[in-house]
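J.:
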Amino acid sequence: MARSDAPLDSPAKHPPAVVLGVVTTDLLNTSEPLPLEAAQQALKLLPGVAADSHRHPVEQAVSPDLFYGVDCRLATIRGAQPRAIGTVRARAVLTAGHVLQGSARVDVVLDASTRRMPWSYYAACTGTVEAINKADPADLVSGFLKTPNGSGLLDLGGIGTQVMALLDDIPQVDGRADMRTVASRLRWAVLVREGVDLDAEVVAGSDGAFQVRMTAPSELVPRIVAFCEILALHQWLLAALKNAFDRAGRSPKPMDELDPALSYLGHVWNPTAHLPTEIAWLWEALEHDAQLTWEWESTVTRVRDKLSLLTRKAIEGTLHKEFL
Amino acid sequence: MLIFASSDKGGTGRSVTSCNLAYRLSLLGRDVAYLDFDFGSPTAGAIFEIPKMERGTPDGGLHSYILGEATEPARVDVRKMTERTSLQERPPGSGKLTLFPGDFGGAEFHLTDNHIKAAMKLFHDVEREFDVCIVDLSAGRSSALDISLNAISPRVRKKKQDKDKDRIRWLLFHRWTTQHVIAAGGLLFGDKGIVPYAMEVGFKRADFMRLVRTVRTAVPDTSAFGEKTTAEQTLWVTRSDDHLKALAKGRSLGQDLLAGTTPLEPMLLWREQVIMDLDVNRRLAKPATAQAFDKLATKVDDDEAWEGI
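If you read the sequences in order, they're chains U and Z.
Sequential numbering from 1428 applies to the first sequence in our numbering.
Sequential numbering from 168 applies to the second sequence in our numbering.
#1: Just list the residues that DSSP pairs U/Thr1452 with in beta bridges.
#2: Starting from Z/Trp337, follow its DSSP beta bridges and name the residues at the other end.
#3: Which one of U/Pro1564, U/Glu1705 and U/Trp1663 has the shortest CA to CA distance from U/Leu1625?
#4: Can you give me the C-alpha to C-alpha distance between Z/Gln422 and Z/Ile349, rounded to a whole angstrom?
#5: Counting only beta-carbon atoms, is Z/Ala172 nearer than 9 Å to chain U?
#6: Between which residues of its own chain and U/Arg1620 is the CB-CB distance below 8 Å, once the five residues before and five after are set aside?
#7: Quick one: give me the first and last residue of the beta strand (DSSP E) that U/Gln1487 is part of.
#8: When burial is assigned at 16 or more other CB atoms within 10 Å of the CB, is U/Ile1597 buried or exposed?
#9: If we ignore side chains and look at the alpha-carbon of each, how far apart do Z/Gly235 and Z/Gly272 end up?
#10: Does DSSP put U/Thr1606 in a helix, in a strand, or in coil?
#11: With Z/Cys144 as the anchor, note down where its beta strand (DSSP E) starts and where it stops.
#12: Identify the contact partners of U/Pro1607 in chain Z, using a Cβ-Cβ distance below 8 Å as the criterion.
#13: Does DSSP put U/Ile1512 in a helix, in a strand, or in coil?
#14: Output, in chain order, the set of chain U residues within a Cβ distance shorter than 7 Å of Z/Ala189.
#15: I'd like to check one pair, Z/Asp446 with Z/Met434: are the Cβ atoms closer than 9 Å?
#16: Whole angstroms are fine: how far does the CA of U/Ala1631 sit from the CA of U/Val1727?
#17: Quick check: is the beta carbon of U/Asn1560 nearer than 9 Å to any beta carbon in chain Z?
#18: Give a yes or no on whether 9 Å exceeds the smallest Cβ distance from U/Thr1553 to chain Z.
#19: As a quick exercise: from U/Ile1504, U/Pro1491 and U/Val1536, pick the residue whose alpha carbon is nearest that of U/Ala1517.
#20: For U/Val1730, which beta-bridge partners are listed by DSSP?
#21: What does a CB cutoff of less than 7 Å around Z/Val441 pick up in its chain, not counting 5 residues either side in sequence?
#22: Can we say the region 1687-1696 of chain U touches the region 1461-1481 of chain U, given the rule of at least three CB pairs closer than 8 Å?
#23: Does Z/Gly272 come within less than 9 Å of chain U when only Cβ atoms are used?
#24: Looking at the secondary structure, which residues open and close the alpha helix (DSSP H) in which U/Gln1662 lies?
#25: Out of Z/Leu195, Z/Pro454 and Z/Phe356, which has the shortest C-alpha to C-alpha gap to Z/Ala373?
#26: Go to U/Phe1637, then tell me how far its beta strand (DSSP E) extends in each direction, as first and last residue.
#27: Please report the distance separating the alpha-carbon of U/Ala1551 from that of Z/Asp198.
#28: For chain U, find out if any of its Cβ atoms is closer than 9 Å to the Cβ of Z/His291; answer yes or no.
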């Protein structure tokens, strides 16, 4: 029951000051990629709500949004950490039946109320947290990007991982991925300013993963989410393939490293496939500076060359044995 | 592969040998994770010489993770964070070496289903990323040990592929003295020992025994008496050694279960640390020590050698 003096107007009236997000990416733990139909089935994480999907040019299925209640602190650099309460929006994205992402984000509303409201108040506005202490939006953006985790802090990465873990126990997933991979985390934060042009900065964080800091109007947020998921996917692909190549150089069975890497990932690279047009320039700018596609192509070539050399050696070895 | 490091008592050299094993496995090209499950007194940070982590991490270590207080465990790249300059280099052909530290001021806790589930998830996650995961358990029968046995029991790992591909090793470290041999036998086979508990959580005895090997640590030879030994001392050492061998065999800890022996290393008497080949070249460490760690790493890494012990 709400108290009479509680402001019961919908929290939706307060526009977000900041939007925060984390995309976690890793290989789905299964030996063969899921066909699109199986992926759609697997990502039907809410009863009665179908997964979104497209078949071309790269198969992709996107789960419905799930919501997770939080009551936590928000990281800052300068000021005190405000307490924030509400729900986080999260979804799973499965690309090419094999690369799984947990993407979590939250709108942060400031100055709406100064005390904890009953839960129904927060539940009415999904995907939003309200800070009940004062905070500077720019400070929240910096704090979020520079503080990977800490006890009591908003843990979007953890929520993304939780969504991904929902796929571990389903029957289509056999738990036998043949490849060692490292999960990656991309953190992004938007300072919301209505009526301005999108301004963005992509930097590599201390762990090598990209971080995206933007100033943008709120209507662009869904496209920003898509961009960050695409960026996270491709940075992970590149890291995973390079890791496989590195491991092949020191493994007693190099074929066992290269073979799955190429068959799992070799065909997945296509950054502009689902890139929203409004934000395509950002990818182009990134390509200009970091040349990710060039790096991907050259790494694929290295992997293929190494595989051919190993195959030739193996054939020669067999022939040699037969002649002896 | 998961390697569990258990010991009968504190001070056996379990942690320092496990850290050295981790280091040597990384030199062999394996990606290695070191999980500090010695919740009461995490020490791996000190052995790898990582500042501010000598006694675990202040935030989100394995203890908090198992308790469900942290959604993912803290981790450190040993080569990036160690203070020891020579350890910072990653030699060509070597793999990653990552420490998952315990918590500063952690403690033992009760065994619950949630703790077991957290451990299962943890093992599952590290096995997907690393070739070898060494789990350093506290001395004796601890809740860390119980959680681990539950998390690897065939009841819960059945989803894993065929049994021969599920690579698990269980190492029991003990010093080479009468007391330690007796205590190690007790820890493994006693009424409240590891083997009876493994059977309680679903292992068949023979299947579990296939995972278990012993490591005898800090084993002295006659040189421990000093430069010159008397004939009496040499004879006494041989006799004592024979006596211990008989004792170990009588308690089913004989040669058939032996994975390796590490010599008494003066360097480790002063400071628990990683023994690098560099220390041998500088004539600080005994060549036999580095060789022993290397041999153990090679054996653990090679399925055929392991089976053939």
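Just so you know, even glycine gets a beta-carbon here, dropped at the ideal spot from N, CA and C.
T.: This is what the structure holds:
#1: Note: U/Thr1452 sits in a beta bridge opposite U/Gln1528 and U/Ser1611.
#2: DSSP output for Z/Trp337 lists Z/Phe171 and Z/Val379 as bridge partner(s).
#3: Selected option, being the one with the closest Cα: U/Glu1705.
#4: So the alpha carbons of these two residues sit roughly 16 Å apart.
#5: Cβ-Cβ to chain U under 9 Å: no for Z/Ala172.
#6: The answer, listed in chain order, is Thr1642, Ala1643 and Pro1644.
#7: For U/Gln1487, the enclosing beta strand (DSSP E) stretches over residues Gln1487 to Val1489.
#8: Exposure of U/Ile1597 is indicated by the presence of fewer than 16 other C-beta atoms within 10 angstroms of its C-beta.
#9: For Z/Gly235 and Z/Gly272, the distance between alpha carbons rounds to 16 Å.
#10: Reading the sequence as shown, one finds Met at residue 1606 of chain U and not Thr. Under the three-state reduction of DSSP, U/Met1606 is assigned to coil, being neither helix nor strand.
#11: Beyond the ends of chain Z as shown, which are 168 and 476, falls residue 144 of chain Z; an answer cannot be given.
#12: A quick correction: the sequence has Arg, not Pro, at residue 1607 of chain U. Contacts between U/Arg1607 and chain Z, judged by CB atoms closer than 8 Å, involve Asp198, Arg295, Glu296, Phe297 and Asp298 in chain order.
#13: In this structure, U/Ile1512 counts as strand in the three-state DSSP scheme.
#14: Under a criterion of Cβ atoms nearer than 7 Å, no residue of chain U is adjacent to Z/Ala189; the nearest Cβ is some 16 Å distant.
#15: It is a contact, given that the beta carbons lie within the stated cut-off.
#16: Going from the Cα of U/Val1727 to the Cα of U/Ala1631 covers about 23 Å.
#17: Chain Z, which has no Cβ nearer than 9 Å to the Cβ of U/Asn1560, makes this no.
#18: At a cut-off of 9 Å, the C-beta of U/Thr1553 has no neighbouring C-beta in chain Z.
#19: Out of U/Ile1504, U/Pro1491 and U/Val1536, U/Pro1491 has the C-alpha closest to the C-alpha of U/Ala1517.
#20: Paired residue(s): none; U/Val1730 is not in a bridge.
#21: Around Z/Val441: Cys186, Asn187, Tyr190, Ile214, Phe215 and Leu254.
#22: Taking a cut-off of 8 Å for Cβ pairs, the region 1687-1696 of chain U and the region 1461-1481 of chain U do not touch, as fewer than three such pairs fall below it.
#23: Chain U contact via Cβ: absent.
#24: Here the alpha helix (DSSP H) through U/Gln1662 covers Val1648 to Ala1675.
#25: Minimum Cα distance to Z/Ala373 is reached at Z/Phe356.
#26: Unbroken beta strand (DSSP E) run through U/Phe1637: Phe1637 to Ala1643.
#27: Going by the C-alpha atoms only, they are around 47 Å apart.
#28: By the rule that beta-carbons nearer than 9 Å mark a contact, Z/His291 touches chain U.
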